[in-house]
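Residue numbers (the working numbering): 49 to 575.
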């Protein structure tokens, strides 16, 4: 083995170390479309070290020290890189190494004195994967004969955005992505749906970064947060590929609808503005100005001397300007919202309120002091509006939907929450509504209603009339909470008898939840 071969061997050992960070499995063993680990290898020289990554974003970099490589000549490095290319090519087509690679591989070798980039395709593997992909799409989105497995959508989306593989147009990518989402929605698994949407946003973002932006923009800056996109001087709207532009606009829409982070909407809006102002997208202009256009103008705009209201179903925002602080003005606002929801406006929405009234919120611990909360708290001050607020709540309440002006977490709450809480504290006649709310609320992902239960007990006490509502409130939360007011109420023997008689016909799980809320972990000894 001569000197150049020895150095080539060291580089190949460094690449093997890169693969060593992962568990390499045979093709299709992990997921139905998971044919291999890597479609990309980059090797960068840094003095007497090489850095290897199998990820386009540079994650999981492995460093290997190679003494003396920094002093080699251009001719020597070029010879070494040719050997490395030959060996990687042999590995790529060798069945022994199939699990390491996808059907295609881009390799970039960046060294001080020479660079090399090459692209490989295994055509038989590509044909096999295309066949499997087509079958998978058919069975998951059309026939619904295949059950979607958790995380399987990661490889599905990777192949979906690979037009070299599937020969899809960008419109087809959008259609299939949406149909796949519908299949997951039908499973009624909120966690699956959230993860799929997150993966969709990520994959669409990768497509935008790698495939779309370089076509039409000069990209300046390397950092994720510090990139500047400057429209190429030769680009005019008529030169923009309509299909690619459609997917670019759609990825921004997905990011707005399924945002993960507070900055997602900001970046998505920047993309829509680029599409509208620089690339000539009429659809992007429409989204920014009035939403999807699927709702008639008389539903998304209202204006008179009491109220000015506008809705955008892309951003799922309802803007309300209260001109007169009267029951009539708030009633018109409620009518506007109810009509929108009945027409298919997203139940996960937020209100942007403009009001000259002093800020007022419900006196319940843990509720976010948001603009949406403020609107309903102020509307609740008008008793004449209570029937209309009940009507709103019944229309708005929907499991797995949330007011969107609150970060997901402890303060998240189902649409209708503020109205239900306020009405429940205003009068016992709204207890049936409160019970309906408790039975519908997503007890795995919402916590704020337990604070409402606490206030409800403190206000109305524990008795025959309140017990059914208190019970539904307690069992509607998976959090183990002890209500001191209930513990105090059990000091009265009559209340203890009342509780025991009420629970005797309930399922064991619910009995335990209620007794825990009263007595804590030693409830069996105290009941």
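Beta carbons: idealized from backbone N, C-alpha and C, even for Gly.
Other residues of its chain near residue i: CB distance less than 7 Å, five sequence neighbours each side excluded
i, result
"residue 193", "187"
"residue 439", "386"
"residue 399", "366, 368, 419, 420 and 423"
"residue 124", "52"
"residue 347", "387, 388 and 391"
"residue 150", "83, 84, 86 and 87"
"residue 137", "168"
Status (buried if at least 16 other CB within 10 Å, exposed otherwise) for residue i
i, result
"residue 236", "exposed"
"residue 216", "buried"
"residue 541", "exposed"
"residue 191", "exposed"
"residue 463", "buried"
"residue 563", "buried"
"residue 570", "exposed"
"residue 170", "buried"
"residue 353", "exposed"
"residue 374", "exposed"
Nearest to residue i (by Cα), restricted to the options the options
i, options, result
"residue 90", "136, 101, 191 and 81", "101"
"residue 94", "330, 161 and 189", "161"
"residue 128", "164, 104 and 501", "164"
"residue 283", "265, 297, 293 and 296", "265"
"residue 231", "195, 344 and 250", "195"
"residue 378", "145, 356, 313 and 363", "356"
"residue 468", "484, 345 and 77", "484"
"residue 278", "113, 307, 292 and 319", "319"
"residue 502", "514, 513 and 533", "533"
"residue 173", "394, 410, 74 and 50", "74"
"residue 259", "234, 285, 238 and 293", "293"
"residue 431", "391, 376, 276 and 513", "376"
"residue 581", "103, 304, 332 and 391", "Residue numbering for the chain in the displayed model covers 49 to 575; residue 581 lies beyond these limits and cannot be assessed."
"residue 510", "228, 354 and 566", "566"
"residue 442", "411, 453 and 480", "480"
"residue 494", "457, 506 and 476", "457"
"residue 197", "308, 159, 239 and 370", "239"
"residue 404", "205, 327 and 370", "370"
"residue 307", "249, 568 and 269", "249"
"residue 107", "145, 67, 349 and 143", "67"
Cβ neighbours of residue i in the same chain (closer than 6 Å, five flanking residues each side left out)
i, result
"residue 486", "520, 521 and 524"
"residue 450", "396 and 460"
"residue 56", "128, 131 and 132"
"residue 28", "Lying before the first or after the last residue shown, residue 28 is absent from the chain, which here runs from 49 to 575."
"residue 99", "92, 109 and 111"
"residue 466", "421 and 424"
For residue j and residue i, the rounded distance between their alpha carbons
i, j, result
"residue 555", "residue 397", "36 Å"
"residue 84", "residue 252", "21 Å"
"residue 287", "residue 211", "21 Å"
"residue 416", "residue 389", "22 Å"
"residue 446", "residue 222", "26 Å"
"residue 536", "residue 226", "53 Å"
"residue 500", "residue 473", "9 Å"
"residue 508", "residue 529", "19 Å"
"residue 261", "residue 302", "17 Å"
"residue 114", "residue 58", "7 Å"
"residue 426", "residue 185", "49 Å"
"residue 338", "residue 401", "18 Å"
"residue 315", "residue 289", "22 Å"
"residue 297", "residue 242", "21 Å"
"residue 492", "residue 517", "20 Å"
"residue 359", "residue 490", "26 Å"
"residue 413", "residue 544", "28 Å"
"residue 496", "residue 140", "55 Å"
"residue 105", "residue 267", "16 Å"
"residue 135", "residue 117", "19 Å"
"residue 234", "residue 78", "24 Å"
"residue 311", "residue 538", "49 Å"
"residue 144", "residue 72", "11 Å"
Proximal residues to residue i (C-beta, below 8 Å), its chain only, five neighbours per side dropped
i, result
"residue 133", "155, 157, 164 and 166"
"residue 553", "none"
"residue 255", "209, 295 and 299"
"residue 429", "408"
"residue 207", "81, 177, 181, 213 and 214"
"residue 504", "472, 473, 482, 514, 517, 518 and 521"
"residue 148", "67, 72, 84, 85, 86 and 139"
Proximity test, residue i beta-carbon vs the ligand MN heavy atom, cut-off 8 Å
i, result
"residue 182", "The ligand MN is not part of the structure shown, which contains no ligands of any sort."
TODO: Mind listing, in chain order, the continuous alpha helix (DSSP H) runs of no fewer than 4 residues lying wholly within the segment 347 to 424?
DONE: Fully enclosed alpha helix (DSSP H) runs of 4 or longer: 375 to 390.
* Mind pulling the alpha helix (DSSP H) runs of 4 or more residues that sit fully within the segment 460 to 539? -> Given a length threshold of 4 residues, each whole run of the alpha helix (DSSP H) inside the segment 460 to 539 is given here in chain order: 465 to 474, 479 to 488, 497 to 508, 515 to 523 and 532 to 537.
| message | Suppose only complete runs of 3+ residues qualify. What are the beta strand (DSSP E) ranges in the segment 91 to 176, listed by chain order? | response | The segment 91 to 176 contains these whole beta strand (DSSP E) runs: 97 to 101, 110 to 113, 149 to 158 and 163 to 169.
Could you tell me which whole alpha helix (DSSP H) segments of length 4 or greater appear in the segment 318 to 343? The segment 318 to 343 contains these whole alpha helix (DSSP H) runs: 330 to 337.
- Uninterrupted beta strand (DSSP E) stretches inside the segment 219 to 268 (no shorter than 3 residues): For the segment 219 to 268, whole beta strand (DSSP E) runs of length 3 or above, ordered along the chain, are 265 to 268.
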